[in-house]
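I have placed the structure first, in the form of structure tokens, so that the comments after it can refer back to it.
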Amino acid sequence: MKILISGTPGTGKTSTAKLLAKKINAKYIDLNKLAERNKWFIGWDNERKVKIMDTEKVSTFLSEIKGDIVVDTHIPSAGPPNADYVFILRIHPETLLERLKNKGYREEKALENAQAEILDVCLIEALENFRGELVWEINASKVKTEEIVSTMLKIMNGEVKERERIDWLSLICEEGSLEKFFKP
Ligand SMILES: Nc1ncnc2c1ncn2[C@@H]1O[C@H](COP(=O)(O)OP(=O)(O)O)[C@@H](O)[C@H]1O
Ligand SMILES: [Mg+2]
33 MKILISGTPG TGKTSTAKLL AKKINAKYID LNKLAERNKW FIGWDNERKV KIMDTEKVST
93 FLSEIKGDIV VDTHIPSAGP PNADYVFILR IHPETLLERL KNKGYREEKA LENAQAEILD
153 VCLIEALENF RGELVWEINA SKVKTEEIVS TMLKIMNGEV KERERIDWLS LICEEGSLEK
213 FFKP
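Quick note: the sequence shown uses the working numbering, first residue 33, plus one each step.
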């Protein structure tokens, strides 16, 4: 079984993926660390000041692993192409902004990530790389890690039929906070 857990930075991937791996006795894999260890990078993104991961090398490696794995990455295209489940963690942009600031992100960087969350960037990349039926959004706002993992286990047991559809853009328009995230 290959499980991909993705989402905007700060949505709780690492906490959730580690707990899920423990519960189902699978190997937890942090893709940033895996790429660092093997020096799987193809360049430098000068705008974002981050190394550009060699997603092909990473995903090929993951696809060849035999045992059960839970993969933690904010880059869905780096995940195993033969994933059985792709979970995208979603967090209300206000909560995400607070979490990232608490994590020490600069205002500008926190805002950029909140905008990506509002615009479904991670979800879209997942849908571009995996069949839609494999991709499950999970609203992880105001929910404990235990509960998020329990939802994932229910999905894997076929107990969840209705898919959550997250639409932060409509919600923040209703809440009147659009201009907090996208300044004209
Ligand atoms: N379910 C949750 N409820 C509240 N805070 C959480 C939850 N999951 C994670 N956090 C906190 O949010 C921050 C980001 O979590 P982390 O697992 O590192 O996210 P990611 O790996 O997606 O960047 C951490 O400070 C973590 O303690
Ligand atoms: Mg993480």
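No residue lacks a Cβ here, since even glycine has one placed at the ideal position from N, Cα and C.
As a quick exercise: from the options, pick the residue whose alpha carbon is nearest that of residue i.
i	options	result
threonine 87	Lys81, Glu79, Arg131 and Pro113	Pro113
arginine 69	Leu121, Met85, Trp168 and Ile56	Met85
serine 182	Thr43, Gly39, Ser38 and Ala49	Ala49
valine 82	Arg195, Ile198 and Lys141	Lys141
glutamate 194	Glu165, Ser173 and Ala172	Glu165
phenylalanine 115	Leu159, Lys176 and Phe213	According to the sequence provided, residue 115 is alanine. The question's phenylalanine does not apply to it. Comparing Cα-Cα distances from alanine 115 to each of Leu159, Lys176 and Phe213, the minimum goes to Leu159.
glutamate 126	Ile35, Glu207, Arg163 and Asp100	Glu207
valine 175	Asn134, Arg163, His124 and Arg138	His124
What separation, rounded to the nearest whole angstrom, lies between the Cα atoms of residue i and residue j?
i	j	result
lysine 65	cysteine 205	37 Å
phenylalanine 93	valine 103	12 Å
alanine 18	tyrosine 117	One cannot answer for residue 18 here, as it falls past the ends of the chain, which runs 33 to 216.
tryptophan 72	glycine 111	14 Å
leucine 52	proline 216	41 Å
isoleucine 56	glycine 190	16 Å
arginine 122	isoleucine 170	6 Å
isoleucine 97	asparagine 78	33 Å
isoleucine 180	alanine 148	21 Å
arginine 197	isoleucine 156	13 Å
Counting only the same chain and skipping the five closest in sequence on each side, list residues whose C-beta sits under 6 Å from that of residue i.
i	result
proline 41	His106 and Asn145
leucine 201	Ile150
proline 168	Looking at the sequence shown, residue 168 is not proline but tryptophan. Contacts found: Phe119 and Ile187.
leucine 129	Ala142 and Ala146
Which residue comes first and which comes last in the alpha helix (DSSP H) that contains residue i?
i	result
valine 181	177-188
serine 38	No alpha helix (DSSP H) contains serine 38, which is instead part of the beta strand (DSSP E) from 34-39.
isoleucine 198	Taken as a continuous stretch (DSSP letters only), isoleucine 198 belongs to no alpha helix (DSSP H), as it is neither H nor E.
phenylalanine 162	Segment: none, phenylalanine 162 is in no alpha helix (DSSP H) and carries neither H nor E.
Locate the beta strand (DSSP E) running through residue i, then write down its first and last residues.
i	result
valine 102	101-104
tryptophan 168	167-171
valine 192	Per DSSP, valine 192 belongs to no beta strand (DSSP E) and is neither H nor E.
So, for residue i: in the same chain, excluding its five sequence neighbours on each side, which residues have a beta-carbon less than 8 Å away from its beta-carbon?
i	result
leucine 132	Pro41, Gly42, Lys141, Ala142, Asn145 and Ala146
lysine 45	Ile37, Ser38, Gly39, Asp104, Thr105, His106 and Leu121
serine 91	Ser109, Ala110, Gly111, Pro112 and Pro113
Quiz prompt | Every unbroken beta strand (DSSP E) within the segment 43-129, with a cutoff of 3 residues, ordered by chain | solution = 59-62, 73-77, 82-85, 101-104 and 117-122
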